[in-house]
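Below is one structure, written out as structure tokens; the observations come after it.
In the numbering used here, the protein residues as written are 1 to 345.
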């Protein structure tokens with residue numbers, strides 16, 4: 001039986017999202033796979049967890065007295081985790097990182113898996129680095145003719161004259177505009193800016209998540225996107241309609257004034273085909289050939305590429321599994337396809 005290690009939790013701001021995703025992954029995993037659960041605390045401790053799936057989502061998994069501290073071995077002969085409690089190696093066939101954001105989606109864990117020689121349900125380290133860093137995504141995709149929002153990138157170590165920067169933003173991007181950390185997910189640190197006071201407050205918040213932030217021009221319209229698996233696009237797309245300033249964390253995970261449509265309701269067949277073709281082109285540019293959710297704005301200017309997520313949400317209501325479900329691929333079938341794609345054993 002194939003033994004799959006599910007990594008969850010992690011040290012990013014998206015720790016709670018990972019817990020929700022991990023529970024859904026575990027509950028929908030086909031029975032032919034043997035699960036080995038590894039929870040990562042916010043301070044970076046790794047534990048083999050053997051409790052209930054429900055206690056993953058609510059965070060109580062950390063309180064289990066039977067948790068065993070483990071270390072992912074980079075020795076390819078081990079092919080698994082060194083268990084400090086048993087002083088032995090726990091063999092693993094596949095690692096499934098259900099880790100969103102920093103240290104999970106940014107190429108870090110992918111590089112460690114590559115060193116260990118264990119198949120990883122993710123794209124390559126290089127692809128994850130490129131997709132996670134919004135500045136790099138802009139540079140590469142705009143060079144290849146992909147329409148994206150105009151942007152200005154600023155680093156914390158720069159000698160920032162905020163008054164001059166604000167004037168530049170008004171001239172080059174106009175108001176309102178958005179600010180976001182360059183390497184963060186789930187809209188943490190992302191805000192819509194309408195005036196100077198918001199500019200100062202929201203810039204400081206964005207810098208609290210990353211030492212590199214982006215200001216992007218405001219794009220009207222709804223957010224739409226495609227799901228990619230093994231260089232193929234799911235038949236159905238998503239569309240998100242919100243009645244707030246932006247599609248932020250509360251809108252994504254608390255259902256706050258959000259209407260999520262799968263299939264998309266305001267896209268013509270021609271627009272959907274265009275989005276799917278663009279998604280495949282973007283995946284090729286970034287080197288993605290395993291899993292990706294590619295997001296766009298359906299605007300008055302046409303389809304504007306926003307970002308690619310290489311470990312998209314896997315909660316019970318997340319967009320990626322929903323698009324496949326509406327394309328007649330169940331959650332369990334999706335997980336099975338992902339594991340088979342990276343593991344030929």
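Every residue gets a Cβ at the ideal spot worked out from N, C-alpha and C, and that includes glycine.
**Asked** Going by other Cβ atoms of all chains shown within 10 Å of its Cβ, with 16 needed for buried, is residue 144 buried or exposed?
**Response** exposed
**Prompt:** Quick check: the region 317 to 335 against the region 232 to 240, are there 3 or more CB pairs under 8 angstroms?
**Reply:** yes
**Message:** Taking the alpha-carbon of residue 287 as reference, which of 158, 172, 127 has the nearest alpha-carbon?
**Reply:** 127
**Request:** Kindly indicate which three-state DSSP category residue 258 falls into: helix, strand or coil?
**Result:** strand
**Prompt:** What did DSSP end up calling residue 148 once you bin it into helix, strand or coil?
**Reply:** strand
**Message:** Excluding the 5 residues flanking residue 221 on each side, which residues of the same chain have their C-beta closer than 7 angstroms to its C-beta?
**Reply:** 297, 298, 299, 300
**Residue closest to residue 217, alpha-carbon to alpha-carbon, out of 105, 175, 83, 283** = 175
**Item:** Cα-Cα separation between residue 10 and residue 105, rounded to whole angstroms
**Value:** 11 angstroms
**Item:** Whole-Å CB distance - residue 282 paired with residue 100, under 8 angstroms assumed
**Value:** No, residue 282 and residue 100 are not in contact; Cβ-Cβ is about 20 angstroms, not under 8 angstroms.
**Asked** Pick from 188, 307, 263: whose alpha carbon is nearest that of residue 147?
**Response** 307
**Asked** Start and end of the beta strand (DSSP E) containing residue 15?
**Response** Careful: residue 15 lies outside any beta strand (DSSP E), inside the alpha helix (DSSP H) at 15 to 28.
**Prompt:** Based on the DSSP secondary-structure assignment, which residues constitute the bridge partners of residue 347?
**Reply:** Coverage of the chain is limited to positions 1 through 345, which leaves residue 347 absent and any answer about it impossible.
**Item:** Length of the line joining the Cα atoms of residue 227 and residue 262
**Value:** 11 angstroms
**Message:** Counting only beta-carbon separations shorter than 8 angstroms, does residue 28 have a partner in chain B?
**Reply:** Among the chains of the structure shown, chain B does not appear; only one protein chain is present.
**Asked** Excluding sequence positions up to five away, which residues of its chain have a Cβ less than 8 angstroms from the Cβ of residue 252?
**Response** With a pLDDT of 49 at residue 252, under the threshold of 50, the modelled position of that residue is not reliable, and the figure given next carries that caveat. Excluding sequence neighbours, residue 252 sits near 186, 187, 258, 313.
**Request:** Measure the C-alpha to C-alpha separation of residue 5 and residue 342 and round it to an integer number of angstroms.
**Result:** 14 angstroms
**Asked** How is the beta strand (DSSP E) around residue 177 delimited, first residue to last?
**Response** 177 to 181
**Item:** Within 8 angstroms, strictly: CB atoms of residue 179 and residue 193
**Value:** yes
**Request:** State the CB to CB distance for the pair residue 20 and residue 57, rounded to an integer number of angstroms; the pair is presumed to be in contact (CB under 8 angstroms).
**Result:** 5 angstroms
**Request:** Taking all protein chains shown into account, decide if residue 42 is buried (16 or more other Cβ within 10 angstroms of its Cβ) or exposed.
**Result:** exposed
**residue 102 beta carbon less than 8 angstroms from that of residue 183** = yes
**Message:** Quick test of your reading: residue 189 and residue 295, contact by CB under 8 angstroms. State the CB separation rounded to the nearest angstrom.
**Reply:** Incorrect: roughly 17 angstroms between the Cβ atoms, too far for contact.
**Message:** Quick check: what's the CA-CA separation for residue 247 versus residue 17?
**Reply:** Here the model assigns residue 247 a pLDDT of 45, short of 50, so the residue's position is not dependable, and the following value carries that caveat. Answer to the nearest angstrom: the Cα atoms are 16 angstroms apart.
**Request:** With DSSP as the reference, label residue 108 as helix, strand or coil.
**Result:** helix
**Residues bridged to residue 97 [DSSP beta-bridge criterion]** = 7
**Prompt:** Are residue 74 and residue 305 close, meaning C-beta to C-beta below 8 angstroms?
**Reply:** no
**Prompt:** For residue 14, is the classification buried or exposed, using 16 other Cβ atoms within 10 angstroms of its Cβ as the cut-off for buried?
**Reply:** buried
**Message:** Using the Cβ count rule (16 or more neighbours within 10 Å means buried), how would you classify residue 49?
**Reply:** buried
**Message:** Considering only the alpha carbon of each residue, which of 116, 77, 67, 114 lies closest to residue 86?
**Reply:** 67
**Request:** Quick one: grab the DSSP three-state call for residue 340.
**Result:** helix
**Endpoints, beta strand (DSSP E) assigned at residue 212** = 212 to 217
**Asked** Can you name, in chain order, every residue of its own chain whose Cβ lies under 7 angstroms from the Cβ of residue 160, other than the five neighbours on each side?
**Response** 154
**Prompt:** Applying the criterion that 16 or more other CB atoms from any shown protein chain within 10 Å of the CB defines a buried residue, is residue 71 buried or exposed?
**Reply:** exposed
**Prompt:** Among 93, 273, 278, 290, which one has its Cα closest to the Cα of residue 231?
**Reply:** 290
**Prompt:** Measuring CA to CA, which of 135, 33, 39 is closest to residue 22?
**Reply:** 39
**Item:** Cβ-based neighbour list, residue 64, same chain, cut-off 6 angstroms, excluding 5 preceding and 5 following
**Value:** 51
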